[in-house]
Each structure stands twice: as C-alpha cells, then as structure tokens.
Amino acid sequence: MPPKPLDYESINENVKKAQYAVRGELYLRASELQKEGKKIIFTNVGNPHALGQKPLTFPRQVVALCQAPFLLDDPNVGMLFPADAIARAKQFLTYTSGAGLGAYSDSRGLPGVRKEVAEFILRRDGYPSDPELIYLTDGASKGVMQILNTIIRGPGDGILVPVPQYPLYSATIALLGGSLVPYYLEETANWGLDTNELRKSVTEARYKGLTVKAMVIINPGNPTGQCLSEENLREVLRFCYEENLVLLGDEVYQQNIYQDERPFISSKKVLMDMGPPISRELQLVSFHTVSKGYFGECGQRGGYFEMTNISPQTVDEIYKVASISLSPNVPAQIFMGLMVNPPKPGDISYDQYIRESKGILESLRRRARIMTDGFNSCRNVVCNFTEGAMYSFPQIRLPPKAIEIAKQAGKAPDVFYCLKLLESTGISTVPGSGFGQKEGVFHLRTTILPAEEEMPAIMDSFKSSMMNSWSNMKTTEVIQGCKKIMVKNTHALL
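To convert a position in the sequence shown, counted from 1, into this note's numbering, add 12.
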C-alpha cells in the first residue's frame, strides 16, 4: 500500500529540514517534567509575562474598552477608567470605521495605526516615514517570513545570517527552500560584526554558485545581546550597497538597552544620515514588535515592518500576498498603536506609565548584570555582558570526558549538557547549537527574564550544576539517563 499524503515519508522535505530549537527537544522534556510535578523555570524563550513581568496598565485599559465598547456608554465608565484611556479607546474605534475589533482591517493594517507608526519613526529617526510602506503583522516573525518569502526564489538564493542567530531565520529559509549563508560574530570582541568576515562569506557563497540577495542583522542581538555602534551600522549599510543586498533589520529589542555606551540607533536613521546616493538606493526592511521591550506582550502577536527604497511593483506584490490572509490581528494593532504613541506629559496616565515602564527596564538592567556576573563566577564558563535584548549566551567549556560521554549517548555535547541541567535544576534553556556556533565551542542561551528576587537562587543553581555534575557520574549512568530522556521525548512527540 502506498504511503498516505500526510505520512512522514510523503510530506514536504523542507518541513523536515526546518529546525526551531527554542521549542525543540529541551522544551518538550521540560513540559514532560512539569506534567510530572517538577517545578520548571522556562528560560528558553523571551516570554516576559510568563516569567512574571506585569502588563502595563494603560494599554490594557484601552484595549479592554475597545474589546467591550458598550462600557463606553456606561455612565460610570469614568469611575473605572481614566479619561485619557477612554479618549484613546474612542479614537481607535474610529479607526475601525465603527466595525470594532471583531472585523477584518485593511490587509496592511488599520490606516490610523500605520500613521501613528510613521509618526513614531519620524520622532525616533528625524526622517519622515510613509504609512503606505508600513505593514502591520501578527508579530515581527510573520513580517520576516513574508519578506523572506518575497526574496527567496529557490535553493540558489542565499541569505546572509549572523551566527549565532535566532532560528526563525534558519527555519524560514529552510521552509522556503533557500540557502543560509552564515557570517560568524566574534565572541572575543563582544560578538562584534567584522565586514571582512562578511566579504569572506559572500565570496564563498558565490563560489558555490549562490546568488546572495539579502543580509540579516539583529540589533540588539539575539541570542548574543550585543548592540551595534553607529559606525558598525554604516559599515554594514555600505557593504550591502556595494554588494547589492537588501538589508533586513531585526530591531525588535530596541527598547531593551542595558548600557549607555551604545544606545540603540536604527538602520533607517543611519542610512538616511549617509545621504545620497546610498540613502535613495539601498533597499531596507525594518521590523519591530509589541512582544519585547517593556510591553512584553508576546501573546498579543503585534508587529510591523517598514520598507525603504522598495519598488512600487514589489510593494504591490507584497500587498497581494498579505491580502491572502485578509487581515492582521486587529487587537494587536491597537497594542502597536499604544506602544508607538504612549501617554504624553500632562496626560492623566503619564506618570503611572513612566513609572511602570521605567521600573521594568531598570530591573532588566540589574538582572543582566546579575546573570553575567553569575555565569562568569562559574568554573569553565565565560559570558559577555548582555548589552541589550533579553538573553545571556555563556560559553560552556566542557571537559573532554563530558564531550565523550555525550557522544556515546548519541547527543551533541551542549544538548546533553542542557538536558542534564534541566533534570537537575528545573531550568529550561536552549543549547547553543540551536543558534549556530563555531566547531568545538559550546554555549547555552537563557533569558534574563526570571523575577529579580529569584535571580540569586537561579544563578546558585546554575553554579552548583556547572561542570560539577559530570565529575561524579559514571559513563554508563549518563548514557542510561539519556536513553530515558529520549524515550520520554519520543512519547511527547506522539
């Protein structure tokens, strides 16, 4: 009997090739342990609210009123909601032409919200932005996927991606049948970006017959946490211009900055500052989201991308593809409008909004330092400071014995180490191999999002488990433990 269409051997090979370690083997095992009653700290994904970050009051008030507009007709509404939240809710409802949040919007997003995003970009960069070239999306990830889908024609098209990288890029490129062209960040230079490394990667890719079409930067970095300087961005933009590449600027962590030496500066601003001809010719797509920063509204799935110097015909094609899905998530569009146009000085909710948002960022800055210092106090661990974003990415110097034990167990050493860490401490991380790393070097990624008061205990757990757990375990015991893990993970997949 021939295989059925959805039997494993019949499905799309690109689906099999795609890997997403953030929700992979470690996450499945962590979920299994949680079901068994073990306390699990899910530091594998940048999910602020899941780890205790409180939602900002003002955005939730406005969206609550938009979701239940009958409240606006209640004579007592002013006793429950501040006047500025009521006013903003009424404004957003006018954007929907009276249809409310339950109706489809324009496939690009509500025009009123896109105008607010354009005004935010103007304030941020000092250069105008066209709302017609801003598309609201279900999180930044959907925007990235949409643009890569537009760029990639087949396996001959290459996309330059930083290594380590966020596996959204490798997974999407695999799904679309393109080719990932890695360029390695330099860990000893605080994960710096070297244009010589870029040229080497492009040359090698072209030698293999690839057409390199785009370059991805993640600024601030995920998983590496570095912030690109203005000079570094100029070098990248110049490189893309010389090599005829479109630059994809993943800027979703632009609010998450934990040092003062390199504040966030957008690729769009640096490009415009460079002036013509590059400012008029280089193609740039920039991405942002409500999932990160002090909003942390991951579950709302709100994002946008802005296109610069993209031809009108291509914009029409991008609109056509967007229209297939009819509309991005409308409540998330309201969250985006609130993020880019928050309460202003003098508004009733301004002081509370500033107090809440500032408190979140100041705590994250302290947690970044606690985690970096904690990792660097561990034996055989070295960790660059988390300048931005939400993650630490320490290098774990595994002894030869540990590497050999992992290989005998049929596991990559960092995967096996993270599994042991999970089993012994309940901390769910992501192995560095899920993001890419140099041969023979091992890392793990953890968020800095656990509650600040829990950080010392979490770092003590890391410290007690780092390396020490290998020394007292015999090879046969480790391999047997690994087999149990593999069996349980197999059951979780079924």
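Quick reminder that beta carbons are idealized off the backbone N, C-alpha and C, glycines included.
Query                                                                                                                                                                         : Result
Buried or exposed: where does residue 115 fall if 16 or more other Cβ atoms within 10 Å of its Cβ makes it buried?                                                            : exposed
With a 10 Å radius around its C-beta and 16 neighbouring C-beta atoms as the bar for buried, classify residue 412 as buried or exposed.                                       : exposed
Measuring CB to CB, does residue 470 end up less than 8 Å from residue 404?                                                                                                   : no
In the stretch 119-189, which residue ranges form an unbroken alpha helix (DSSP H) of at least 4 residues, counting only runs that do not cross its ends?                     : 123-137, 151-163 and 180-187
Taking only the alpha-carbon atoms, compute the straight-line gap between residue 441 and residue 251 and give it to the nearest angstrom.                                    : 35 Å
Could you tell me which residues DSSP puts in a beta bridge with residue 226?                                                                                                 : 171 and 258
Name the DSSP beta bridge partners of residue 407, please?                                                                                                                    : 394 and 455
Hey, how far is the Cα of residue 360 from the Cα of residue 97?                                                                                                              : 9 Å
Within 10 angstroms of its Cβ, does residue 145 collect 16 or more other Cβ (buried), or is it exposed?                                                                       : buried
Tell me the rounded alpha-carbon separation between residue 64 and residue 293.                                                                                               : 44 Å
Enumerate in chain order the residues of its own chain whose CB-to-CB distance from residue 105 is below 7 Å, with the five nearest sequence positions on each side excluded. : 78, 81 and 112
Buried or exposed for residue 31, going by 16 or more other Cβ atoms inside 10 Å?                                                                                             : exposed
Can you check which of these residues, 279, 15, 18 and 220, is closest to residue 167 by C-alpha distance?                                                                    : 220
Should residue 147 and residue 316 be called a contact, given that it needs their Cβ atoms to be closer than 8 Å?                                                             : yes
So for residue 294, helix, strand or coil by DSSP?                                                                                                                            : coil
On the CB-based measure, 16 or more other CB atoms within 10 Å of its CB, does residue 37 come out buried or exposed?                                                         : buried
By the three-class DSSP mapping on this structure, what secondary structure does residue 301 have?                                                                            : strand
Would you call residue 226 buried or exposed, if buried means 16 or more other Cβ atoms sit within 10 Å of its Cβ?                                                            : buried
Could you give the distance in angstroms between the alpha-carbon of residue 318 and the alpha-carbon of residue 300?                                                         : 9 Å
With a threshold of 16 other CB atoms inside 10 Å of the CB of residue 13, please say whether the residue is buried or exposed.                                               : exposed
Take residue 128 as the anchor and find which of 354, 74, 373 and 228 has the nearest alpha-carbon.                                                                           : 354
Could you tell me whether the Cβ atoms of residue 56 and residue 39 are closer together than 8 Å?                                                                             : yes
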